[in-house]
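In the UniProt record's numbering, the protein residues as written are 1 to 649.
Right under this line is the structure:
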C-alpha cells in the first residue's frame, strides 16, 4: 500500500478567545464632565518613575477609569525626562492601513482630555502635576472587562504558565488568581489568551497543524486542478481541532478529496499554511486552480489570494443565502404574522439578484429587492453594505460567469464529502486501533464488550485442496482474541490448583512452576514497601489489605486441593504489582466473556532493553491461568488506564 503524503508543523496552541474590542458603547457624551483631579493632587515625590506610574494607576482604579502612558522621554540632548499619562478613552482612533480581519469592531476612544504629567527634578526625584483632571464620560462602576484593568501582572503570568503546564482548567486558574488577589479584574478571556501564549511559546514538539493527501488524490489534483472547493468540519477528533477539507471535481463531474488538514485555529496564518501545502502538491508551477469556492470565512477568503493570486475566488451562494434569511428573521422578529410568506419572497428575490447575468438585470433585481423590503430599512442597511457590495463580484452570475467554474458556485460538494467522512469517523473520540481490529472479528472482541456485529449474508467461493496440511491445534487458543492467534507461538498449561497464575510467573522466570511461593513473597515485598503508592490505586485501605492477604501462601490447603478464590492471581489488581516487582511488561490476554485484554507497565523505572526478557504474557481462561508464548513484533492490548494515572513521573 502506498503511504499517503504527510507534513507536520510543530507547536500546537489552543484556540484563542479574541479580546473584546469594545468595553463600552462607542457613544460620545459631550455634556458629561467628571473631574477626578483631586485623586492625584496629593501625590508624593518618587525616586523611581515606575513606582509613581503604578500609584497613579491604583488611584485611577479607585476613581473608575484606567490610564495609559501617552508619551514619555528618557531625556538626552539637553532634554529633561518626563512622561504624560492620559485616560484610556482619550485620543483619536487611527484606522489601520491593512484591512481589518475582525468583524463588528469599534473604537473605545472618546477624545477624553484627562492628562497627568510627570517631571524629573534636579533633586533626582519625580513630581506629578495634573494638566487636566476632567473626563467627557461617566466613570465605570466596575472595571471588569477592561483590558488594562485586567492585565496580568508578571507573577500572575508565571502562575498561569505553571497551572497550564499542570493541566489545570481555565476556570480553576481564574479562581486561583482571584483567590490570591481579590481585587483582580482579570476575566476568562484574558486567561484563555495567556494560556495560548504559554502553549505557543517555546520549542514545543506538539503538532499544531497536520496535512495529508493520498497519492491518488495528488494525481487527480494535477489532472483536474480547474475548480477547488474548501470548507471545515468539526467534531471529528478529541482535540477539538477543525478538519479543513479540500475537494476537487473531475471532467465527469465526480468529486474527489484533494487533501485534509487538522488545524489548531481557523486563522489566516493556519489557512495560508494549509493552502501552501496543497500548492506544493502541484507538479508544475504553471498549474493552478482557476476557481476556488469557499464560504464567507474572512480568514480563508484573505488566505486564498495570498497563496493563489491568479485564481478567482467565489463565495458559496448557499451559505450567503442562508445567512441573509437568518438576518431577516432577526431584524423583523417574530411579530410578523406572514413570516413564512416573507421568507419565500426573500428566497425568490435574492435568487433573482444572484442569478442576474447582465448589468441591467442586476440593477433591476436590486431595485425590486429594495422596493419589496423597503419597510425593513435595518435589513437593507445590512444586506447591501455587508453582503452585496463586498462580495458581489464573487457571488453574482454577472461576474462569476466570466470564469469557468463548471457550475460549481457552492461548497455543497465539500459538505457531501463531510457526510461521507463522518460515516467512518462516527465519534469525535474515535476508537483505538485495538478496537478497530476487534470490530473485524465479532466472535472475539477481546478489548471490550461491544454490541455484536451482524454477519454478512454472503458466501465465500473457493476451492479447498484435499492435500492441505492441517494446522496444529493449540490448547486454550479459543479463549484468546481471534486476531492474536497468528501471533501466539504456543500456550503452556500449568497445574490448576488455584496457584496457577503464580505458577505461570515462576515458569516465565525459569524457576519451575512449583516455586510459585517465591513469586508470592516477591509481590508481598513490593506491595508492603510501596504501600502508599498502591493505596492511591486501590482507593481504600480495606481493598489494599484484601489484596495483600490474598498474596500470602495458604498454611493449609482445602480438602478440594484448590486454593480459595481470594488467593488467586487476579487482574487488574495484581497486574501493576507484578509488572513493577519484576520490571517487566505484563500482558493479559482473554476474551470479552471473561475480562478485558490489557497491558501493564512498571509503575516505576522502565523495562529491560532485552526484548526476550521484558514481556510476560498470561492467558486467562475459565477459572485458570496459562503461560502464553508470543512471537516477536506482536501487537499489544490497550494500556491499563490506572497505569496512566498513577505512573511515576
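Just so it is clear, CB atoms sit at the ideal spot from N, CA and C, and this is done for glycine as well.
request  = Using alpha carbons as the reference points, say which of 391, 108, 645, 43 lies closest to residue 129.
outcome  = Sequence index remark: in the chain shown, residue 129 carries index 129 (1-based). Comparing Cα-Cα distances from residue 129 to each of 391, 108, 645, 43, the minimum goes to 43.
message = Quick check on the burial criterion: 16 or more other C-beta atoms within 10 angstroms. Buried or exposed for residue 149?
response = The residue you call residue 149 lines up with position 149 of the chain shown. The residue in question, residue 149, is buried, as its Cβ has 16 or more Cβ neighbours within 10 Å.
task = Would you mind sorting residue 525 into buried or exposed? The rule is 16 or more other CB atoms within 10 Å of its CB.
result = Your numbering for residue 525 matches position 525 in the chain shown. Of the other Cβ atoms in all chains shown, fewer than 16 fall within 10 Å of the Cβ of residue 525; this residue is therefore exposed.
query = Does the Cβ of residue 598 have 16 or more other Cβ atoms within 10 Å, making it buried, or fewer, making it exposed?
reply = If you number the chain shown from 1, residue 598 lands on position 598. Its Cβ being crowded by 16 or more others within 10 Å, residue 598 is buried.
query = Using the C-alpha atoms, what's the distance from residue 493 back to residue 222?
reply = In the chain shown, the residue the question calls residue 222 occupies position 222. In the chain shown, the residue the question calls residue 493 occupies position 493. The alpha-carbon atoms of residue 222 and residue 493 are separated by roughly 60 Å.
ask   = Is the Cβ-Cβ distance between residue 603 and residue 647 less than 7 Å?
value = In the chain shown, counting from the first residue as 1, residue 603 sits at position 603. In the chain shown, counting from the first residue as 1, residue 647 sits at position 647. Cβ atoms of residue 603 and residue 647: closer than 7 Å.
Beta-carbon proximity list for residue 622, same chain, < 7 Å, skipping 5 on both sides = For the purposes of this step, residue 622 is identified with residue 622 of the chain shown, where counting begins at 1. The residues are 594.
query = Hey, residue 209 and residue 260 are a contact pair by Cβ (cut 8 Å); roughly how many whole angstroms apart?
reply = Locating residue 209 in the chain shown gives position 209, counting from the first residue. Locating residue 260 in the chain shown gives position 260, counting from the first residue. With a beta-carbon spacing of about 11 Å, residue 209 and residue 260 fall beyond the 8 Å limit used to define contacts.
Inside the UniProt domain "MULE transposase" (227–323) only - alpha helix (DSSP H) runs reaching at least 4 residues = As far as the UniProt domain "MULE transposase" (227–323) is concerned, its whole alpha helix (DSSP H) runs of at least 4 residues are 268–279, 298–307.
inquiry  = Need the endpoints of the beta strand (DSSP E) that residue 127 sits in, please.
reply    = Locating residue 127 in the chain shown gives position 127, counting from the first residue. Element bounds for residue 127: 126–132.
inquiry  = For a minimum of 3 consecutive residues, which ranges assigned as the beta strand (DSSP E) are wholly contained in the stretch 494–578?
reply    = List check, beta strand (DSSP E) in window: nothing returned.
query = Taking Cβ positions, are residue 411 and residue 218 nearer each other than 7 Å?
reply = Walking along the chain shown from the start, residue 411 turns up at place 411. Walking along the chain shown from the start, residue 218 turns up at place 218. No, these two residues do not count as a Cβ contact at 7 Å.
task = Give me the Cα-Cα distance between residue 73 and residue 86, rounded to the nearest whole angstrom.
result = Against the chain shown, residue 73 aligns to sequence position 73. Against the chain shown, residue 86 aligns to sequence position 86. Cα-Cα distance, rounded: 15 Å.
request  = For residue 122, name the three-state secondary structure that DSSP assigns.
outcome  = Position 122 of the chain shown holds residue 122. In the three-state reduction of the DSSP assignment, residue 122 falls in the coil class.
ask   = Which value, in whole angstroms, describes the spacing of the CA atoms of residue 393 and residue 303?
value = Translated into the one-based positions of the chain shown, residue 393 becomes position 393. Translated into the one-based positions of the chain shown, residue 303 becomes position 303. Using only the alpha carbons, I get a separation of about 18 Å.
task = Taking 7 Å as the cut-off, decide whether the C-beta atoms of residue 404 and residue 279 are in contact.
result = The sequence position of residue 404 within the chain shown is 404, counting from 1. The sequence position of residue 279 within the chain shown is 279, counting from 1. Contact flag unset, no.
ask   = Buried or exposed: residue 277, going by 16 or more other Cβ atoms within 10 Å of its Cβ?
value = One-based indexing of the chain shown puts residue 277 at position 277. Buried: at least 16 other Cβ atoms inside 10 Å.
inquiry  = Taking only three categories from DSSP, how would you classify residue 474?
reply    = Reading the chain shown from its first residue, position 474 is the one you call residue 474. Residue 474: coil per DSSP, three-state reduction.
message = Let me make sure I understand the geometry here. Which of 226, 528, 501 has the alpha-carbon closest to that of residue 249?
response = Within the chain shown, numbered from 1, the residue matching residue 249 stands at position 249. When only C-alpha atoms are compared, the closest one is 226.
request  = Throw me the rounded Cβ distance for the residue 157 and residue 194 pair, which I believe falls under 8 Å.
outcome  = Walking along the chain shown from the start, residue 157 turns up at place 157. Walking along the chain shown from the start, residue 194 turns up at place 194. Yes, they are in contact, since the Cβ atoms of residue 157 and residue 194 sit about 6 Å apart, within 8 Å.
key: CB of residue 491 within 7 Å of CB of residue 476, strictly   = Reading the chain shown from its first residue, position 491 is the one you call residue 491. Reading the chain shown from its first residue, position 476 is the one you call residue 476. Cβ atoms of residue 491 and residue 476: closer than 7 Å.
ask   = At a cut of 8 Å, does the stretch 516–530 reach the stretch 498–507 through at least three beta carbon pairs?
value = Counting Cβ pairs under 8 Å, three or more are found: they touch.
task = Note the first and the last residue of the continuous beta strand (DSSP E) segment covering residue 71.
result = As a first step, residue 71 is located in the chain shown; it is residue number 71 there, counting from the start. Residues 67–73.
message = I'd like the list of long-range same chain contacts for residue 527, defined as Cβ closer than 8 Å, with 5 residues on each side in sequence excluded.
response = By one-based count along the chain shown, residue 527 stands at place 527. Around residue 527: 534, 544, 547, 548, 551, 577.
ask   = Which first and last residues belong to the beta strand (DSSP E) in which residue 589 is found?
value = Looking up residue 589 in the chain shown gives position 589. For residue 589, the enclosing beta strand (DSSP E) has its first and last residue at 585–589.
task = Please classify residue 89: is it buried, with 16 or more other beta-carbons within 10 angstroms of its beta-carbon, or exposed?
result = Residue mapping note: residue 89 aligns to position 89 of the chain shown, counting from 1. By the 16-neighbour rule on beta-carbons within 10 angstroms, residue 89 is buried.
inquiry  = Could you compute how far the alpha carbon of residue 271 sits from the alpha carbon of residue 40?
reply    = Here residue 271 is taken as the residue at index 271 of the chain shown, counted from 1. Here residue 40 is taken as the residue at index 40 of the chain shown, counted from 1. Residue 271 and residue 40: Cα-Cα distance of roughly 50 Å.
message = If the criterion is Cβ atoms closer than 7 Å, does the pair residue 587 and residue 601 meet it?
response = Against the chain shown, residue 587 aligns to sequence position 587. Against the chain shown, residue 601 aligns to sequence position 601. Here residue 587 is not near residue 601, since their CB atoms are 7 Å or more apart.
ask   = Where residue 565 and residue 558 are concerned, what is the direct C-alpha to C-alpha distance, given to the nearest angstrom?
value = Within the chain shown, the letter at position 565 stands for residue 565. Within the chain shown, the letter at position 558 stands for residue 558. Their backbone Cα atoms lie some 12 Å apart in a straight line.
inquiry  = Given this structure, state the Cα-to-Cα distance separating residue 385 from residue 256, to the nearest angstrom.
reply    = Within the chain shown, numbered from 1, the residue matching residue 385 stands at position 385. Within the chain shown, numbered from 1, the residue matching residue 256 stands at position 256. Across the structure, residue 385 and residue 256 are spaced so that their CA atoms are roughly 36 Å apart.
query = Would a C-beta distance cut-off of 7 Å place residue 327 and residue 299 closer than the cut-off?
reply = Within the chain shown, residue 327 is the residue found at index 327, counting from 1. Within the chain shown, residue 299 is the residue found at index 299, counting from 1. Cβ atoms of residue 327 and residue 299: not closer than 7 Å.
inquiry  = Looking at residue 395: is its Cβ nearer than 7 Å to the Cβ of residue 315?
reply    = Start at 1 with the first residue of the chain shown, and residue 395 comes out as number 395. Start at 1 with the first residue of the chain shown, and residue 315 comes out as number 315. Closer than 7 Å, so yes.
Helix, strand or coil at residue 45 according to DSSP, with G and I counted as helix = In the chain shown, counting from the first residue as 1, residue 45 sits at position 45. Reduced to three states, the DSSP call for residue 45 is coil.
message = If contacts are defined as beta-carbon pairs under 8 Å, then residue 247 and residue 414 qualify, I think. What distance do you get, rounded to the angstrom?
response = As a first step, residue 247 is located in the chain shown; it is residue number 247 there, counting from the start. As a first step, residue 414 is located in the chain shown; it is residue number 414 there, counting from the start. Sure, about 5 Å apart at Cβ, within 8 Å.
key: For residue 421 and residue 311, the rounded distance between their alpha carbons   = By one-based count along the chain shown, residue 311 stands at place 311. By one-based count along the chain shown, residue 421 stands at place 421. So the alpha carbons of these two residues sit roughly 27 Å apart.
task = Assign residue 349 to one of two classes, buried (16 or more other C-beta atoms within 10 Å of its C-beta) or exposed (fewer than that).
result = On the chain shown, residue 349 is found 349 positions in, with the first residue counted as 1. Classification for residue 349: buried.
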